[in-house]
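Taking it in order: structure first as structure tokens, then the write-up.
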Amino acid sequence: NAGVTQTPKFRVLKTGQSMTLLCAQDMNHEYMYWYRQDPGMGLRLIHYSVGEGTTAKGEVPDGYNVSRLKKQNFLLGLESAAPSQTSVYFCASTSDYGYIFGSGTRLTVV
Amino acid sequence: AQSVTQLDSHVSVSEGTPVLLRCNYSSSYSPSLFWYVQHPNKGLQLLLKYTSAATLVKGINGFEAEFKKSETSFHLTKPSAHMSDAAEYFCVVIPSGSARQLTFGSGTQLTVLP
Chain E
1 NAGVTQTPKF RVLKTGQSMT LLCAQDMNHE YMYWYRQDPG MGLRLIHYSV GEGTTAKGEV
61 PDGYNVSRLK KQNFLLGLES AAPSQTSVYF CASTSDYGYI FGSGTRLTVV
Chain D
1001 AQSVTQLDSH VSVSEGTPVL LRCNYSSSYS PSLFWYVQHP NKGLQLLLKY TSAATLVKGI
1061 NGFEAEFKKS ETSFHLTKPS AHMSDAAEYF CVVIPSGSAR QLTFGSGTQL TVLP
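Sequence order for the protein chains is E and D. Using our numbering, read the first sequence as starting at 1 and increasing by one per residue. Using our numbering, read the second sequence as starting at 1001 and increasing by one per residue.
What follows is the structure, given as structure tokens:
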């Protein structure tokens, strides 16, 4: 089925650990985004990509890195997790016809 | 930078009564505006979008929104609330000159009372 798939769906990390969140889309979209959602703040853009091999910073990029080596995949990395990165992370992709969101990754950093 | 302001963080209505969720935007021209809904522990679903074709936009599940340039508003309405409408609603804009990234409002939590 066409769509945006995020893995994992849930994760608990200890402070200082690293991890990578994977976003995969099979719709040949050029644009992909990573957002984080925190209570009372809506979704805020972390990083985005306008095509394979390109990435750019969004509103809240500190503490995160991204890569887009293949068009269909957009990876979000946390090198040294902090409790402030406890959040729900959403990936999205878009074409000229609309945005498709993944189902989210709930990350807790203890 | 372009942004949206959702004027109410919480709205409570009785089932069968009208719903009004307020959103103001900041822009020097007609932006692309959206309303998304998020049910508890779920992802985001597009309700409707405005892209300058018509000022009154009809969406899914009986929702609609009216773009008012003079008031820089894009309020979401529904004539009669249903229990299943209880969710969080986000007003969203695409800033000009952006790589199509969506800028979200802070959200309005809608409670529907029986």
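We put the beta carbon where it would ideally sit given N, CA and C, even for glycine.
- Among the bridge pairs identified by DSSP, R36 (chain E) is matched with E:R44, E:Y89.
- Cβ proximity to chain D below 9 Å picks out M41, G42, L43, R44, L45, Y48, S49, V50, A56, G58, E59 from the segment 41-67 of chain E.
- Listed as beta-bridge partners of L1076 (chain D) by DSSP are D:L1021, D:A1065.
- Beyond the five residues adjoining it in sequence on each side, K1078 (chain D) comes within less than 6 Å, by CB distance, of V1019, G1062, F1063 in the same chain, given in chain order.
- By the CB criterion at 9 Å, L13 (chain E) and V109 (chain E) fall inside the cutoff.
- Counting the other Cβ atoms within 10 Å of the Cβ of S87 (chain E) gives 16 or more, which makes it buried.
- For Y33 (chain E), the chain D residues whose C-beta falls within less than 7 Å of its own C-beta are Q1101, listed in chain order.
- The C-beta of T94 (chain E) comes closer than 9 Å to at least one C-beta of chain D.
- Not a single C-beta of chain D is nearer than 9 Å to the C-beta of F10 (chain E).
- Our two residues, Q1002 (chain D) and E1071 (chain D), have alpha carbons roughly 15 Å apart in a direct line.
- Straight across, the Cα-Cα distance linking Y1050 (chain D) with K1068 (chain D) is about 11 Å.
- For the segment 1026-1045 of chain D, residues whose beta-carbon sits nearer than 7 Å to a beta-carbon of chain E comprise G1043, L1044.
- For G104 (chain E), the neighbours in chain D by C-beta distance under 8 Å run, in chain order, G1043.
- Within chain E, no residue has its beta carbon less than 7 Å from that of S1073 (chain D); the closest one is some 18 Å off.
- The alpha carbon of Y89 (chain E) has as its nearest neighbour, out of E:Q17, E:K71, E:C23, the alpha carbon of E:C23.
- Distance from the CA of L1076 (chain D) to the CA of G98 (chain E), rounded to the nearest whole angstrom, comes to 20 Å.
- Contact annotation, A1087 (chain D) with L1102 (chain D): C-beta distance approximately 18 Å; criterion of less than 8 Å not satisfied.
- Distance from the CA atom of P8 (chain E) to the CA atom of E30 (chain E), rounded to whole angstroms, is 23 Å.
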